[in-house]
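Asks: Residues in the sequence shown are numbered consecutively from 18, following this note's numbering.
Can you read through this structure? Questions will come right after.
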Amino acid sequence: MDKQPTINTEHHSSPPVKDEAWLNNGFTLHEWLIEPLKGKFTTSGHSVHIEPKVMDVLLCLAKRPNEVLSREEILNTVWAKVVVSEEVLTRCISELRSALNDTSRERRFVRTLPKRGYSLIVEPLPPVSTTTNTTANTITNTTTNTTTTGLTRNASAETASQATEIVGDTPTSSPSSSNKKDAPPNDDILIDQPLHSSPHETHHGSKSITLTINLIALLRTLIVTLGRVFSIAIAGGIAALVIFFIIGVMFDNRSSGELFNQLASVNSLDDIGQLFIEPAVEKTTTEDINIAVLPFLNLSGNEKTDYLSAGLTEDIRNTLIRNGGIRVAARTSSQAMVDQAIGIREIARKLNAQHIVEGTLRVINNSLRITVQVSDAISGYPTWAETYSGELNHLFDLQDNIASDLIRALNPSTITTTNVNTRFTAGTDNIAAYDHYLLGRHHWNLRTKESIETAIGYFQRAIDQDENFALAYSGLADCYLLTHLYGEEALDSAIDKASPLIEKSLALNPNSAEAYASWGLLESFLEHQENARRYYQKAVELNPNYSMARMWLGSVLLDLGDVFSAHEQYQVAIRLDPLHPAVQANYLQSLLSMGRYQDVISHVPQFYDTSQSDAIIMMEMMAYLGLGDYARVLETAERYTLSGKYEMAQAQIVHQAFLAMNMMDRALEQLEYVKQLNNGHKGKRIAASLAAHAIANEELPLLQTAINTLNEYANTSTEKAYSSQCYLEYIALYSGIQSWFQSDYTEAASLFQESIRLNEVHSCYHQADITLTSYAYLIKSLRELGEENKSHQTFIAATEHLRSLRQKGQSGTLLAIAEAALFAAADDTDKLFQSLMEWQDKGVQLYGFLNSSPIFKDAQQSLLTHPEIQSAARALEEMTQRCRQIVLPTI
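So, in structure tokens, the structure goes:
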């Protein structure tokens, strides 16, 4: 019988940890300082920002250290009265371990007891007081000879912003970036993670290990910061000797052979740094084994059979996914590795895989010959290989044999003969139908007008071959839906074609995750977001590893304003498929929505390197705009010329930057460029640029043009009811500002109230700042009318609305400007100044945005009496002069 893990019950002389108030004030876990009220962990000057629910899970465990808490007990405590799946708790535990660097096989903080629950295996201790401006950590021993580390608390600046346009298969909207010198918070996919601590528990009084941890943190900082400056000669000298000593102490869970092999691969100081940097995605736990199945190579010499190798790869992936204990990198991420001339070890690092599966396929007449090979991620050498032969019409049986043999070869300890399920289920016994389905999905994944039209033909042929093939119906439905987004199909027509196909697919297979995801996609196109959410959630329940369903669910949650929940879905999606361009872009979108501009910018080089997607560059420009770094916005636009639907978005971001710098001549030129790119199309996108320019310059005719454009689009027969309601909110706001410019404050107040009412009746997430702007102008109008009491009540309602938005994760520049507008409207310049300074401390410069809104006009002179604002104005003028030298493309 397996020996149960031993829970550390060593006594520590500390206050009772069951006191929640005591824990909330802060405590330490080994080298980490935990600050629940600030939502962060800190060690050696490095801060990691933690999501609220992850912190709540830690607090739940910390109340009863060294005790085993069941999953049910933790769920009931942290998510009281809210029904969530156990997967959510698993993700929180994984996030917690990742943040604490608890990733070695010998757990130091949180231990999993199979079928029992989780336990915090280190007792929380009071924070060790620190001396200001000290450069060394203080080492103190408790009465039981337990080593703890004193921590200097260096509060890292947090960045912020708001989102603009969701990228992927569902559309949306906004702008944002950051200071590179700030270390990014430890999120699920950050490359630059803090250094591993010792993998073993340090309950003895070993000062050398604590000093080693501190030295490692300092050395890692030098490596990351100066790695490209120091010469290889220095790296090969003193640094190499020190690092070798530290590795011997720190990584003592690895064999000397492993250490030697890793050190032997070092060619530069950057390579040494990689020994201390975590993988790009979530760390592997002892419960899981991570593998990546690379696309099998077709050696038949016939491109027409390429789909067979692609289908074989996908089917083996899906069969492995169905077996617990194995996590398989998504198809898109694995495919992205094929075109890159990199080795097995580098592929494994990028995909966070322990093993790489690759193979070849050869078709001769009706015969198949398949070779399969498994390579170890650390050494890069093959550990298992096999060859399979058979007839083409026995392909399914061959796939069963391959998957079964692979599981035995991988031999994860958590997989037994009782939970292995290698029987391949294609949903059809017709090989020809299945071939056509594979070809259809291949072309559908390319996401172009031409490829989707081709996919329609293949799916239809699959149905002709087998009229009971459920997956073919959902695939065909997906194609028709995307013809509206990527082609020219009217929405009503696309939905009429897709609906009966989805119904047929579900009738044939009521448990089809793909069919439920198709329903969700249809409902999201109709802007029936609550319905879409339910269908996507059902798809995720049926197939938790369906990355597209995760991504689409995140997009719907973002539309519903639940930014934190949306980010959770994007986190899972990007772990499943870290190199998929749409998944990457949507993940960055959620970071923009939370105002995490620094994180966006830090991810862009890695993401763009693998995807070359224009959407990634657009996100970077939005991040820079959110930070008020308009020079970087223009420099990025000068360096990258985006295409397709992103070309207009890029032009609009540049236009907004010119308005913020008060460069009205260049802004007018850019607006003309935007108009030409819009090519006569109506809608919110062009109306937003027209209105922004009109309001900044108080041009009433242009503002009327924006209003007319929205009215025309909202009333078209093909427009969606949901969007029509949201456009009415814009129309009411712009019409109110028009009356406000004309000093008709009574009419203006009525229109602003209507805009707010429309939001309450039919909430439009992407207009969160629009609703607050309506509040600000309403306050201003009421004050002009002498209704001070109503103005005060409106201000209270506005601040409550702002608070509710932030509780769900919305943050960033646009919300910050809206809040500043509330203070300006209430004529509270002291709070306005304080708000601007708070954001400046976070690395966000808001002063430029004041130029593009007349609501700040009365407050400008008062603000300029402050030296800090004068300095910001000078910096903006210097940036403006620099930007005048940048030449951008125009039509």
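Every residue, glycine too, gets a C-beta built ideally from N, C-alpha and C.
Assign ALA38 to one of two classes, buried (16 or more other C-beta atoms within 10 Å of its C-beta) or exposed (fewer than that).
Replies: exposed
Asks: Going by DSSP, which residues form a beta bridge with LEU142?
Replies: THR45
Asks: Between the Cα of SER535 and the Cα atoms of ILE519, ASP847 and LEU54, which residue gives the shortest distance?
Replies: Taking only the C-alpha atoms, the option nearest SER535 is ILE519.
Asks: Would you kindly work out how many angstroms separate the C-alpha atoms of LEU932 and ILE469, rounded to a whole number?
Replies: In the structure as shown, the chain starts at 18 and stops at 908, and residue 932 therefore has no counterpart that could be examined.
Asks: Tell me the rounded alpha-carbon separation between ALA234 and MET636.
Replies: Here the model assigns ALA234 a pLDDT of 44, short of 50, so the residue's position is not dependable, and the following value carries that caveat. Cα-Cα distance, rounded: 31 Å.
Asks: Can the beta-carbon of ALA766 be found less than 7 Å from the beta-carbon of SER798?
Replies: yes
Asks: Return the residue from the list LEU409, ARG592 and TYR475 that minimises the CA-CA distance to ASP446.
Replies: Checked all of LEU409, ARG592 and TYR475; the closest Cα to ASP446 is LEU409.
Asks: Starting from the C-beta of ILE773, find all residues in its chain whose C-beta is less than 8 Å away, skip the five residues before and the five after it, and write them out in chain order.
Replies: THR788, SER791, TYR792 and LEU795
Asks: Taking 8 Å as the threshold, find out whether the region 64-80 comes into contact with the region 555-568 through three or more Cβ pairs.
Replies: no
Asks: Using only CA atoms, which one of GLY134, ALA876, ILE886 and SER756 lies nearest to LEU86?
Replies: GLY134
Asks: Could you give the first and the last residue of the continuous alpha helix (DSSP H) run that contains GLY134?
Replies: No alpha helix (DSSP H) holds GLY134; the beta strand (DSSP E) holding it covers 134-137.
Asks: For ARG128, which of helix, strand or coil comes out of DSSP?
Replies: strand
Asks: Kindly identify the DSSP beta-bridge partner or partners of PRO399.
Replies: SER392
Asks: Report the rounded CA-to-CA distance for ILE387 versus PHE313, giving the unit in angstroms.
Replies: 9 Å
Asks: So what does DSSP say about ILE633, is it helix, strand or coil?
Replies: Three-state result, ILE633: helix.
Asks: My guess is that ALA590 and ARG567 are in contact by the Cβ rule of under 8 Å, so how many angstroms apart are they, rounded?
Replies: 4 Å
Asks: Using the three-state DSSP reduction, which class does SER384 fall into: helix, strand or coil?
Replies: strand
Asks: Beta carbon of LEU719, beta carbon of ALA731: below 7 Å?
Replies: no
Asks: Which of the three DSSP states, helix, strand or coil, is assigned to LYS55?
Replies: Reduced to three states, the DSSP call for LYS55 is coil.
Asks: Taking DSSP as the reference, what is the three-state secondary structure of ILE813?
Replies: helix
Asks: So, using beta-carbon positions, are TYR454 and ALA487 closer together than 7 Å?
Replies: no
Asks: Given a cut-off of 7 Å, decide if MET611 and SER888 are closer than it, judged by their beta-carbon atoms.
Replies: no
Asks: So who's on the other strand from SER64, going by DSSP bridges?
Replies: THR59
Asks: Below 8 Å on the Cβ atoms is my guess for LEU750 versus ASP786; work out the distance and round it to an integer in Å.
Replies: Between LEU750 and ASP786 the beta-carbon gap is near 11 Å, outside 8 Å, which marks them as no contact.
Asks: Going by Cα to Cα distance, which pick from PRO53, VAL127 and HIS545 is closest to CYS743?
Replies: HIS545
Asks: How many angstroms separate the CA atom of GLU218 from the CA atom of HIS47?
Replies: Caution is warranted here: a pLDDT of 33 is assigned to GLU218, below 50, making its placement in the model unreliable, and the coordinate value is therefore given only provisionally. Here the alpha carbons of HIS47 and GLU218 stand approximately 9 Å from one another.
Asks: What residue from LEU596, ASP616 and GLU764 has the CA that sits closest to THR627's CA?
Replies: Ranked by Cα distance from THR627, the first of LEU596, ASP616 and GLU764 is LEU596.
Asks: Check for me: the alpha helix (DSSP H) holding ILE537 runs from which residue to which?
Replies: At residue 537 the sequence reads Gly, which differs from the Ile that was named. Run containing GLY537: 530-542, per the alpha helix (DSSP H) assignment.
Asks: DSSP on HIS818, reduced to helix/strand/coil?
Replies: helix
Asks: At what residues does the alpha helix (DSSP H) containing ARG366 begin and finish?
Replies: 361-368
Asks: By the three-class DSSP mapping on this structure, what secondary structure does SER491 have?
Replies: helix
Asks: Is LEU463 helix, strand or coil when you go by DSSP?
Replies: coil
Asks: Quick check on TYR405: does DSSP put it in helix, strand or coil?
Replies: When secondary structure is reduced to three states using DSSP, TYR405 falls in the strand class.
Asks: Quick one: what's got a C-beta closer than 6 Å to SER869's C-beta in the same chain, skipping five residues either side?
Replies: Hits under 6 Å: LEU676, ALA677 and ALA713.
Asks: Under the assumption that ILE886 contacts LEU880 (Cβ atoms under 8 Å), give the Cβ distance between them as a whole number of angstroms.
Replies: Confirmed, about 5 Å.
Asks: Could you check how far apart the C-beta atoms of LEU694 and ALA668 are, in whole angstroms? I think they sit under 8 Å.
Replies: 6 Å
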